[in-house]
Amino acid sequence: MSIRVGVVFLVVLSSVYGAIEFNRGSLPVCPSGVSTNAKCSADTVGCQVGLCCSKYGWCGQGRPYCNQKSICRDNDASGFPQSRSRPSRPGPPSKARPSEAPQKPQSGDGTTFNWCGPGKVVALTFDDGPHTDSSTATLLADLRKMPEMKVSFLLSPHSETGVDRDPVQQCALLRQMIADGHSAYGHSMTHTSFLDMKPEQIRKEITEWNDWYQGCTGSYPPAQVVRPPFGNLNPELRAMLNSIDVSVATWNVDSNDWRGGSVKTVFNRAIAAYEKTRTTGSALILHHDAVYRKGASEGTYGILDMYQNYFEGYDFVNLETCKEMCIASGSCHQGGVWPGVYNGEFA
């Protein structure tokens, strides 16, 4: 009787947790050289200790990277999971603890938006991180001094435009963003224009990004919101993304911070762009955390205080709230050459 109960118990565990063990020895050992840009392979370069080379050829941590489909293992196999994770439990994704989080990405509602409607709100967004130099960490530290200011990070962890891309530190920065109450959304894995990709390649980028997020945090992202690399978008791409329940977030205020200039110059540039659109409506502002550098003559260090003063009486919201407000106000009409411009007007 006890044997039968034990067998049943193991079967139940197997069905709940899935296949959690695999023959680590069956995987080849990664080359001794350590990747400096997160790319890896079975015969050229491996990953640092604690990481695995995923089936897509990227170094990372967590089950999406460390499993029986991994290309290779590090020398001591420390990157592979050693313990079972708890099964997911029902409940709102926004309140779920990491061990109780959804076990697959949540669907979006296929909306494209570039503002939050006519309300007095600001959606402050930062693209292309997480950067493992001091820029992203400095931005997060300054945001902690302003608990009422919540921002959205549009992340592209394997972007070729970045030189500071330590996978372990990137995951730590993502977890810090979430712990501080900010939101993180997809900006593709490699920051390659979606207009240069086939639909199946775009889906692969989105899937890999979701897996990266899950590998870092233990749960999949609570919302499928994506900003295409470079903001490159056309009606066909917008329709394709919306058709697979991915919401597309663009912007109505471009700070052009990457073009250079002092913090005052960048701020004035952003406010001028905002005032050209609508001074009584919302602002969905595009920034890049790479240029948030303390002590630099150019960049955006200190711009948070400027926004807080200028937008006094406005609420700072994340992209999910921005989207919901846009939908509720009836302001998310598609039209014009660029989807999300709402027939070329904010009305």
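The sequence shown runs -18 to -1, 1 to 329 under mature numbering (1 follows the signal peptide of the UniProt record, and there is no 0).
All residues carry an ideal CB built from backbone N, CA and C; glycine is no exception.
query	result
Could you check the C-alpha separation between E306 and V133 for me, to the nearest Å?	16 angstroms
What is the C-beta distance between W97 and L266, in whole angstroms, given that I count them as a contact (C-beta under 8 angstroms)?	5 angstroms
Going by DSSP in three states, Y283 sits in which element: helix, strand or coil?	coil
On the three-pair Cβ rule with 8 angstroms, is the stretch 169 to 179 touching the stretch 199 to 210?	yes
Measure the alpha-carbon distance for residue 331 versus G263 and round it to whole angstroms.	Outside the shown range of the chain, which is -18 to 329, sits residue 331, and nothing can be said about it.
I'd like to check one pair, Y292 with E245: are the Cβ atoms closer than 8 angstroms?	Glu is not the amino acid found at residue 245; the sequence shown has Val there. Cβ distance not < 8 angstroms, so V245 and Y292 don't count as in contact.
Taking the beta strand (DSSP E) that V103 belongs to, which residues open and close that run?	103 to 109
Count the other CB atoms within 10 Å of the CB of S170; is the residue buried (16 or more) or exposed (fewer)?	buried
Would the stretch 16 to 31 count as touching the stretch 118 to 132 if we require 3 or more Cβ pairs under 8 angstroms?	no
Below 8 angstroms between beta carbons: does that hold for residue 347 and L33?	In the structure as shown, the chain starts at -18 and stops at 329, and residue 347 therefore has no counterpart that could be examined.
To the nearest angstrom, how far is it from the Cα of P139 to the Cα of T259?	32 angstroms
Under the DSSP definition of a beta bridge, which residues are partnered with A231?	F95
Are the Cβ atoms of S237 and L268 separated by less than 8 angstroms?	yes
What did DSSP end up calling residue 342 once you bin it into helix, strand or coil?	As displayed, the chain neither begins before -18 nor continues past 329, which places residue 342 out of reach and without an answer.
For the beta strand (DSSP E) containing F249, name the first residue and the last one.	Taken as a continuous stretch (DSSP letters only), F249 belongs to no beta strand (DSSP E), being part of the alpha helix (DSSP H) at 245 to 259.
On the DSSP letters alone, give me the boundaries of the alpha helix (DSSP H) that G197 sits inside.	181 to 199
Could you tell me the distance, in whole angstroms, from the CA atom of A78 to the CA atom of Y202?	With a pLDDT of 36 at A78, under the threshold of 50, the predicted position of this residue should be treated as unreliable, though the coordinate-derived value follows. When rounded, the distance between both Cα atoms is 11 angstroms.
Among C35, G15, F95, N49, which residue has its Cα nearest to the Cα of A310?	F95
By DSSP, does L215 sit in helix, in strand, or in coil?	coil
If you follow the alpha helix (DSSP H) that S117 is in, where does it begin and where does it stop?	117 to 125
So what's F298 in DSSP terms, helix, strand or just coil?	strand
For T93, I'd like the list of residues in its chain whose CB is within less than 8 angstroms of its CB, leaving aside the five on either flank, ordered along the chain.	N224, S229, V230, K305, C308, I309, C314
For I226, does the three-state DSSP call read helix, strand or coil?	coil
Below 8 angstroms CB to CB, which residues in the same chain sit around G243 once its five sequence neighbours on both sides are set aside?	R251, E280
Considering only residues of the same chain and omitting the five flanking positions on each side of A24, which have a CB-CB separation below 6 angstroms?	P10, I53, C54
Does DSSP put D236 in a helix, a strand or coil?	strand
In terms of residue numbering, what span does the alpha helix (DSSP H) encompassing A154 cover?	149 to 161
If you draw a straight line from the alpha carbon of V273 to that of P112, how long is it in whole angstroms?	12 angstroms
Please confirm whether R185 and I226 have their CB atoms less than 8 angstroms apart.	yes
Determine which residues share a DSSP beta bridge with Y167 and list them.	L136
At what residues does the beta strand (DSSP E) containing A265 begin and finish?	265 to 270
Who does G28 pair with in a DSSP beta bridge?	V16
Assign C314 to one of three DSSP states: helix, strand, or coil.	coil
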